[in-house]
Amino acid sequence: MSSTIFVMVVSALPPRHDPTATHFLLRLLPSKLAIGTIRGTKMVDSNGDAYYKLSRLAVLKPYRRYRFGRDLVLALHGWVKEDAKRSSDVDMAKVVAHSQIPVKQFYSKYDEFDEDGAPHQKMVAYLSLRQN
């Protein structure tokens with residue numbers, strides 16, 4: 050029987066090439082092999098209300114069975130909560146994601162649409178900013 054133990058670091062990257070977004074990179078330690086990424090962007094809707102867009106979630110195929118995609122989403126949610134608390138006086142933060150249809154099981158069920166020529170599904174999560 051063999052077991053594999055992963056130690057990982059999720060860190061926010063400076064916005065060198067995409068100044069409107071915060072990128073997270075998931076690396077294994079001690080090798081520092083990059084195995085996953087996710088991008089979060091603070092947006093403003095037509096009513097002037099802020100929300101956050103989760104995009105560009107990717108995990109290398111051999112590592113998907115370890116639920117690292119979930120870890121990346123939770124890291125992004127933590128960033129959203131901290132940013133929303135710092136920059137507004139609201140009780141909830143809205144996170145929007147557009148999932149490609151083949152991987153929509155990873156998220157939830159909402160309306161389907163096309164984005165970049167591929168079928169997508171819009172998902173919305175509301176994160177509580179209240180202390181538990």
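If you're matching positions, the sequence shown starts at 50 in the numbering used here and goes up one per residue. Heads up, the beta-carbon is just placed ideally off N, CA and C, and yes, glycines get one too.
The bridge partners DSSP lists for ALA107 are THR86. A straight-line Cα-Cα distance of about 25 angstroms links TYR175 and TYR115. In the three-state scheme derived from DSSP, where H, G and I count as helix and E and B as strand, SER80 is classed as coil. ALA83 is classed as exposed because its beta carbon has fewer than 16 other beta carbons within 10 Å across all chains shown. Per DSSP, VAL139 is not a residue of any alpha helix (DSSP H), being assigned neither H nor E. Contact between VAL145 and LYS91 does not hold, since the beta-carbon distance rounds to 11 angstroms and is not under 8 angstroms.
LEU125 carries a helical assignment under DSSP once its states are collapsed to helix, strand and coil. Counting every other CB atom within 10 Å of its CB across the protein chains shown gives VAL129 a total of 16 or more, marking it as buried. Apart from sequence neighbours up to five positions away, the residues of its chain that approach MET141 with a beta-carbon distance below 7 angstroms are TYR175, LEU176, SER177 and LEU178, ordered along the chain.
Here SER137 really is in contact with ALA99; their C-beta atoms are around 6 angstroms apart, less than 8 angstroms. Pairing LEU77 with PHE117 gives a Cβ-Cβ distance that is not under 7 angstroms.
Taking every protein chain shown into account, the CB of THR71 has 16 or more other CB atoms within 10 angstroms, so this residue is buried.
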